[in-house]
Structures are given as C-alpha cells and as structure tokens.
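Next up, the structure:
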C-alpha cells in the first residue's frame with residue numbers, strides 16, 4: 407500500500423517547481439551536470455522538492471554535489487575510501503533550518519521515494535550527519551546494473 411501511495415505521489419508530482427536552491431553557483435552547475443550523470447538521483451530530488459514546496463514546507467537547499475579527491479582529503483584526511491560525491495552518486499541538503507522532527511520526516515521521505523526505484527548500490531540512502539561543514543542529509547544513490 408505504501409509503495410502504491412508513493413507511486414501515485416510520483417505521478418502527481420511528475421513536474422518540478424524548480425524551487426531547489428544552491429549554496430554556490432558552482433554547486434548549481436554541478437547539479438545540472440548531475441542530471442546527465444545520475445538522472446534517477448536528480449529526478450527524485452526534484453519530486454521531493456516539489457512535494458515539500460507545494461505542501462508549504464521548505465524547498466531543498468543543496469550544499470554539495472561533486473567533490474574532487476583534494477576536497478575529499480581536506481575533509482577526511484588520508485582516508486582512502488572513495489566518496490559517492492566523487493562518483494556523482496551523492497548530494498547533500500542543508501538541514502540547519504529544519505527542526506529535528508522535520509529532519510526525521512525528510513530523511514524518511516527520501517528513503518521511501520528512492521526505495522521505489524530499488525536496486526541502490528548503497529546500503530543506506532539518506533544519512534544525517536555533520537562532517538565539519540554543518541548538519542545535513544547526505545543522499546547517495548546509484549542503480550545496480
């Protein structure tokens with residue numbers, strides 16, 4: 407039943423109100439490029455943004471899309487793990503203007519919508535954390551081939 411309701415929401419909101427905002431011009435350009443590199447990720451983010459905007463909630467504010475190896479090293483030091491940001495598989499959205507309850511709801515909504523598409527190579531789709539750049543929800547998604 408839950409999947410049917412979410413599927414109906416996806417159809418209902420098959421448009422985007424383009425209310426997504428970006429921390430910098432660079433991030434906005436990267437998001438436009440992400441649309442060609444990971445279409446599912448940007449499609450679902452557009453639907454979440456439309457749902458939130460139409461329901462009177464805040465629009466999504468994207469703080470990170472692509473990250474270079476140097477930027478990754480600046481954040482995490484010599485950690486050899488490749489970030490989903492380096493692979494065009496992740497987006498961070500700001501949460502410092504949301505209540506704890508709103509963050510929980512947004513994280514659940516994101517997870518539920520991405521679960522419709524299934525086959526995510528990552529075990530966790532939405533992670534709420536702060537790596538020193540402010541609290542945010544890290545969203546990672548890439549379809550298994």
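In the working numbering, the protein residues as written are 407 to 551.
All C-beta atoms in this analysis are idealised placements derived from N, C-alpha and C, irrespective of residue type, glycine included.
Contact between the stretch 517-534 and the stretch 444-457 is present: 3 or more CB-CB pairs across the two stretches fall below 8 angstroms.
With contacts defined as CB atoms closer than 8 angstroms, residue 511 and residue 467 fail to qualify as a contacting pair. Cα atoms of residue 477 and residue 503: separation of roughly 25 angstroms, rounded to the nearest angstrom. Distances from the CA of residue 546 to each of 489, 539, 481 were compared; the closest alpha carbon is that of 489.
For residue 482, the number of other beta carbons within 10 angstroms of its own is below 16, and it is reported as exposed. For residue 497, no alpha helix (DSSP H) encloses it; the enclosing beta strand (DSSP E) starts and ends at 496-500. A straight line joining the alpha-carbon of residue 524 with that of residue 438 spans about 23 angstroms. Unbroken beta strand (DSSP E) stretches of 3 residues or longer found wholly inside the stretch 474-538: 496-500, 532-535, given in chain order. According to the DSSP assignment, residue 448 belongs to the alpha helix (DSSP H) that extends over 445-460. Apart from the 5 residues on each side of it in sequence, residue 540 sits with its Cβ closer than 8 angstroms to the Cβ of 469, 500, 502 in its chain, given in chain order.
Residue 527 sits exposed, since fewer than 16 C-beta atoms from the chains shown fall within 10 Å of its C-beta.
491 is the residue among 426, 460, 491 whose C-alpha sits nearest the C-alpha of residue 472. C-alpha of residue 515 to C-alpha of residue 484: approximately 34 angstroms in a straight line. Ranking 538, 537, 543 by CA distance to the CA of residue 531 puts 543 first. By the Cβ neighbour-count rule, residue 436 is buried, with 16 or more other Cβ atoms within 10 Å of its own.
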